[in-house]
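Visitor: Okay, here's the structure, questions in a sec.
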DNA sequence: CCCTTTAGTTACTTTATGTAACCAATTATA
DNA sequence: TATAATTGGTTACATAAAGTAACTAAAGGG
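Chains as they are written, first to last, in UniProt numbering: chain A, 1 to 107; chain B, 1 to 107.
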């Protein structure tokens, strides 16, 4: 009998990455710290969900939130070391998409 | 003004991978062709969702369905070349999880 | 004061997921 | 000859997550 068990760490990792938007947020933050509003515009996510995702990414130790008390207030989100170390994952997805995903395609 | 645009191929790729269960299904199928029932047991997914995911993975050209008219009928799902070429992605997630995810953790 | 900007939150609708019972095909068992 | 068992699903319904859009708080600027 095949009693293969999926690695629990892998499962934890993929449950993070397979949440809608989290991959795109991390991918986008690989370009450097960015503001809330900018993220909504570039990614095409609503404030409601971006807020939720950033909180859970912060809780997961992937993202940090930095407040600059300018006017109007500037808040930047950036990847932690843990977050940056997802770059090889994003690169692998990027590579695969270049080879296997046709460019056209609307939906 | 920063008019960065996220690569559409990357977006397509990640919209596939960020569907719940698809990552685990692909990861599991990297071990070779497997039957429907076996997948439900190993992954812990319901028949309803597994069926739906396998159909969309087939439509995306990542998985093929093979029917062996034995008794009871044996149907095996296996990765296509496109599917197997996601191995570097899965490996990268695996590597990251080994380094950054603590093993304990229930939910 | 009123307006603008940023960074969210709230309330509500729509879509996706979870759960469990059910079905058809086929062969073994009482 | 029923009856049960196994596989590969599907259906119907409940719950959770995501989408939409309006709203709020804080802090200047005019």
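Every residue, glycine too, gets a C-beta built ideally from N, C-alpha and C.
Give the residues from the stretch 3-21 of chain A that approach chain B closer than 8 Å (Cβ to any Cβ), ordered along the chain.
Guide: Correct list: 4, 5, 6, 7, 8, 9, 10, 11, 12, 13, 14, 17, 18, 19, 20, 21.
Visitor: Give the list of continuous alpha helix (DSSP H) stretches no shorter than 4 residues that lie fully inside the UniProt domain "HTH hxlR-type" (7-105) of chain B.
Guide: The UniProt domain "HTH hxlR-type" (7-105) of chain B contains these whole alpha helix (DSSP H) runs: 8-17, 22-29, 36-43, 47-59, 81-84, 87-100.
Visitor: Taking the straight line between their C-alpha atoms, what separation do you get for residue 90(B) and residue 95(A)?
Guide: On the second chain, position 90 is the one that residue 90(B) refers to. On the first chain, position 95 is the one that residue 95(A) refers to. Approximately 13 Å between the Cα atoms of the pair.
Visitor: Using a beta-carbon distance below 7 Å, is residue 97(B) in contact with chain A?
Guide: Taking the first residue of the second chain as position 1, residue 97(B) is located at position 97. Yes, residue 97(B) counts as interfacial toward chain A.
Visitor: What does the alpha-carbon distance come out to for the pair residue 73(B) and residue 67(B)?
Guide: Against the second chain, residue 73(B) aligns to sequence position 73. Against the second chain, residue 67(B) aligns to sequence position 67. Going from the Cα of residue 73(B) to the Cα of residue 67(B) covers about 7 Å.
Visitor: Can you tell me whether residue 17(A) is buried or exposed? The criterion is at least 16 other CB atoms within 10 Å of its CB, across all chains shown.
Guide: Your numbering for residue 17(A) matches position 17 in the first chain. The residue is buried, with at least 16 neighbouring Cβ atoms inside 10 Å.
Visitor: Among the candidates 99(A), 15(A), 65(A), 103(A), whose CA atom is the shortest distance from the CA of residue 36(A)?
Guide: Walking along the first chain from the start, residue 36(A) turns up at place 36. Looking at the Cα atoms, 65(A) is the closest of the given residues.
Visitor: Is there a C-beta anywhere in chain B that falls below 7 Å from the one on residue 87(A)?
Guide: Here residue 87(A) is taken as the residue at index 87 of the first chain, counted from 1. No, residue 87(A) does not count as interfacial toward chain B.
Visitor: Beta-carbon of residue 59(A) versus every beta-carbon of chain B: anything under 7 Å?
Guide: As a position in the first chain, residue 59(A) is number 59, starting the count at 1. So no, residue 59(A) is outside the interface.
Visitor: Which residues of chain B have a Cβ atom closer than 8 Å to the Cβ of residue 27(A), listed in chain order?
Guide: Here the question's residue 27(A) lines up with position 27 in the first chain. Going along chain B in sequence order, the residues near residue 27(A) (Cβ under 8 Å) are 6, 10, 14.
Visitor: Among 81(A), 77(A), 10(A), 8(A), which residue has its Cα nearest to the Cα of residue 50(A)?
Guide: Taking the first chain and counting its residues from 1, the one referred to as residue 50(A) is at position 50. Closest by alpha carbon: 77(A).
Visitor: Between residue 61(A) and residue 103(A), what straight-line distance do the alpha-carbon atoms span, to the nearest angstrom?
Guide: Numbered from its first residue, the first chain carries residue 61(A) at position 61. Numbered from its first residue, the first chain carries residue 103(A) at position 103. Each residue's Cα considered, the two are about 34 Å apart.
Visitor: Measuring CA to CA, which of 83(B), 8(B), 43(B) is closest to residue 59(B)?
Guide: What you label residue 59(B) is simply residue 59 of the second chain in a count that begins at 1. For residue 59(B), the nearest C-alpha among the options comes from 83(B).
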